[in-house]
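J.:
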Amino acid sequence: MIREPLALVCTCEIAGRVRGKGFPLADLAGRLKSGVGWVPTNTMISALGPIADTPFGATGDLVLVPDPATELNVDFEDGSAPEHWFLGDIRTTEGAPWQCCPRDFLRRALKALKEAAGLELYSAFEQEFVYTGTEDHPGAPYSLEAWRRQGGFGESFVAAMRIAGLAPDSFLPEYGVRQFEVTNAPALGIASADRAIKVRELARATAHRLGHRAIFSPILDPGGTGNGVHIHMSFRDGDGRPATHDPNRPYGLTKTAEAFMAGIIAHVRALAAVTAPNPVSYIRLTPNRWAPTWAYLADRDREASLRVCPVLAFTGADPAKQFNVEFRPADAAASPWLALGAVVWAGVDGISRGLSLPQQRDIAAMAPDQRRAAGIAELPHSLGEALDCLEATPQAADWFGAAYLDAYLRHKRAELAMVADLTPEELCARYAESY
Ligand code: GLU
Ligand code: MG
């Protein structure tokens, strides 16, 4: 069959789904300048497809401009067309960043961090998903048998990540039914969120070529195990040196890192609306699933919102380089640009206000009443509650800008109304199709 190479430029907006437009590869030089046409209302396309409510109507024009640094070109050598695409920025027809560009939301947050503290964020997304190309069998968590039953998927997926420059770190059978996890090396700034999008899409691309699916929906069965996205964060100073760890301070955090983490904890109920932005996200964020349910930071506690990860001193590797803190109330229904951006904005607010964390204590051992008495907040129990928290957060309008915040809230509330009559089982089934 005759073929002409095509490429696509993509974005990942409020719905967390990757959408874009294609063009002949021969036109790449021009497209890198002019992009492809995009429209404001595209950001209101729900994860389910329909647009229920839009402040933009049918008017307005934008461009989606590929960033050449994000080019992904993976030929699976199976005769299928290569995965050849770019991530892009949404700009006005004058070339300025559009006020609702998700990538620019993160870019602005990272700039604010640099201005507030002279720091760059060094981060990595740890992502869980369900691979449908393997059947379940009892007692499979982390098992060699589960790893074996996924067949060649893992090797093809990791090969694709390698070709795409995504620095694969691990691929493993997880606890849940047909659940796997993938990690890749950290990256500075925006590149880490770009990588998170690429990792998800390459898992889907690999599974698709094998006649299956990689499903990143936050949870597939109300009684099952959730698919979490954990964002590992540390800082680098202006000279590229690690700048997160002070072994002599509480939790091992420098004063600035503590203020950043305290800002996240102060805002985490509102952040959830962006990092766990789906109705089923709140089925995952329930007790006894190793998903967070309370707003606190702790050492090595998998039900904390922020977990200080262990440093393996015995390896001889520099503890300052290993040290990182993991944000756990995120999932893959969120655009990585929006999730990371919101987390960074909250951290910057903590730095600006000089916030500190409460005295170290064993929160894992405290009963719910003791936690409440100690002033520890619960994470929202529903997307609606999280959206109300976001709306009630005065800083959110500064982070997003009023128009973007309004669009975000309208998008999610309209989607909640669309699925209001579904049972938890129906919700899980519906969103397993979307993500
Ligand atoms: N599946 C858990 C979650 O939903 C995380 C398990 C783990 O600690 O890796 O976040
Ligand atoms: Mg895991």
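The sequence shown begins at 900 in my numbering and counts up one residue at a time.
Think of the CB as a built atom: it goes at the ideal place given N, C-alpha and C, for glycine as much as any other residue.
Going along the chain, which residues of its own chain have a beta-carbon closer than 8 Å to the beta-carbon of residue 1061, five neighbours each way excluded?
T.: Hits under 8 Å: 1067.
J.: From the DSSP output, read off the bridge partner residues of residue 1027.
T.: In the DSSP output, where bridge partners are listed per residue, residue 1027 has 1080.
J.: On the three-state DSSP scale, how would you describe residue 910?
T.: Of the three classes helix, strand and coil, the one that applies to residue 910 here is strand, per DSSP.
J.: Buried or exposed for residue 1213, going by 16 or more other Cβ atoms inside 10 Å?
T.: Exposed, by the Cβ-count rule.
J.: If you scan the region 1079 to 1141 from start to end, which runs of the alpha helix (DSSP H) of 4 or more residues do you find wholly inside it?
T.: Segments of the alpha helix (DSSP H) lying fully in the region 1079 to 1141: 1089 to 1108.
J.: Going by DSSP in three states, residue 1328 sits in which element: helix, strand or coil?
T.: In this structure, residue 1328 counts as helix in the three-state DSSP scheme.
J.: Pick out whichever of 1267, 1314, 1270 has its Cα sitting closest to the Cα of residue 1283.
T.: Among 1267, 1314, 1270, the Cα nearest to that of residue 1283 belongs to 1314.
J.: Does residue 1195 come out as helix, strand or coil in the three-state DSSP assignment?
T.: Note: residue 1195 maps to strand in three-state DSSP.
J.: Classify residue 901 as buried or exposed, calling it buried when 16 or more other Cβ atoms lie within 10 Å of its own Cβ.
T.: Label assigned to residue 901: exposed.
J.: Tell me whether the region 1067 to 1082 and the region 1106 to 1125 touch, counting them as touching only if at least three CB pairs, one residue from each stretch, are closer than 8 Å.
T.: Yes: the two stretches touch, three or more of their Cβ pairs being nearer than 8 Å.
J.: Under the DSSP definition of a beta bridge, which residues are partnered with residue 920?
T.: According to DSSP, which records beta bridges pairwise, residue 920 is partnered with 908.
J.: For residue 1227, name the three-state secondary structure that DSSP assigns.
T.: Here residue 1227 sits in strand by DSSP.
J.: According to DSSP, is residue 1202 helix, strand or coil?
T.: Of the three classes helix, strand and coil, the one that applies to residue 1202 here is coil, per DSSP.
J.: Just checking my contact of residue 1222 with residue 1130 at CB under 8 Å: how many whole Å lie between their CB atoms?
T.: That belief does not hold up - the Cβ atoms of residue 1222 and residue 1130 are roughly 15 Å apart, past 8 Å.
J.: For residue 1093, is the classification buried or exposed, using 16 other Cβ atoms within 10 angstroms of its Cβ as the cut-off for buried?
T.: It is buried - the Cβ of residue 1093 has at least 16 other Cβ atoms within 10 Å.
J.: Please name the residue in 1112, 1228, 1150, 1160 whose C-alpha comes closest to that of residue 1185.
T.: When each option's Cα is compared against that of residue 1185, the closest is 1228.
J.: Kindly examine the ligand GLU and report whether one of its heavy atoms sits closer than 6 Å to the Cβ of residue 978.
T.: Outside the cutoff, so no.
J.: Tell me whether residue 1027 counts as near the ligand MG, meaning its Cβ is closer than 6 Å to at least one heavy atom of that ligand.
T.: Yes - the ligand MG has a heavy atom lying nearer than 6 Å to the Cβ of residue 1027.
J.: Between residue 918 and residue 957, what straight-line distance do the alpha-carbon atoms span, to the nearest angstrom?
T.: Cα-Cα distance, rounded: 18 Å.
J.: Reducing DSSP to helix, strand and coil, say where residue 1336 ends up.
T.: The question about residue 1336 has no answer here: the residues shown for the chain are numbered 900 through 1334.
J.: Distance check for residue 1272 and residue 1113, CA to CA, integer angstroms please.
T.: If you take the alpha carbons of residue 1113 and residue 1272, they lie about 42 Å apart.
J.: Would you call the region 1023 to 1035 in contact with the region 1167 to 1174, where contact means no fewer than 3 C-beta pairs closer than 8 Å?
T.: Flag = no, the region 1023 to 1035 and the region 1167 to 1174 do not touch.
J.: Given this structure, state the Cα-to-Cα distance separating residue 912 from residue 935, to the nearest angstrom.
T.: C-alpha separation (whole angstroms): 16 Å.
J.: Do residue 1128 and residue 1026 have their C-beta atoms closer together than 7 Å?
T.: Contact: yes.
J.: Does the region 1306 to 1324 come within contact of the region 941 to 948, defined as at least 3 CB pairs closer than 8 Å?
T.: Enough Cβ pairs lie closer than 8 Å, so yes.
J.: Could you please give the first and the last residue of the uninterrupted alpha helix (DSSP H) stretch that includes residue 1068?
T.: From DSSP, residue 1068 is part of no alpha helix (DSSP H) but of the beta strand (DSSP E) over 1067 to 1072.
J.: Quick check: the region 1145 to 1160 against the region 1087 to 1104, are there 3 or more CB pairs under 8 Å?
T.: Taking 8 Å as the limit for Cβ pairs, the verdict is that the region 1087 to 1104 does not touch the region 1145 to 1160.
J.: To the nearest whole angstrom, what separates the beta carbons of residue 1298 and residue 1001, a pair I think is in contact under 8 Å?
T.: No, residue 1298 and residue 1001 are not in contact; Cβ-Cβ is about 12 Å, not under 8 Å.
J.: Between which two residues does the beta strand (DSSP E) harbouring residue 988 extend?
T.: First-last of the beta strand (DSSP E) with residue 988: 982 to 991.
J.: Check whether the Cβ atoms of residue 1163 and residue 1059 lie closer than 7 Å to each other.
T.: Not closer than 7 Å, so no.
J.: Is it true that the CB of residue 907 sits closer than 7 Å to the CB of residue 937?
T.: Result no, Cβ atoms of residue 937 and residue 907 do not sit closer than 7 Å.
J.: Is it buried or exposed for residue 1260, if we count other Cβ within 10 angstroms and need 16 for buried?
T.: Residue 1260 should be labelled exposed.
J.: Determine the extent of the beta strand (DSSP E) in which residue 1179 is found, giving its start and end residues.
T.: Note, residue 1179: premise wrong, no beta strand (DSSP E); not H, not E.
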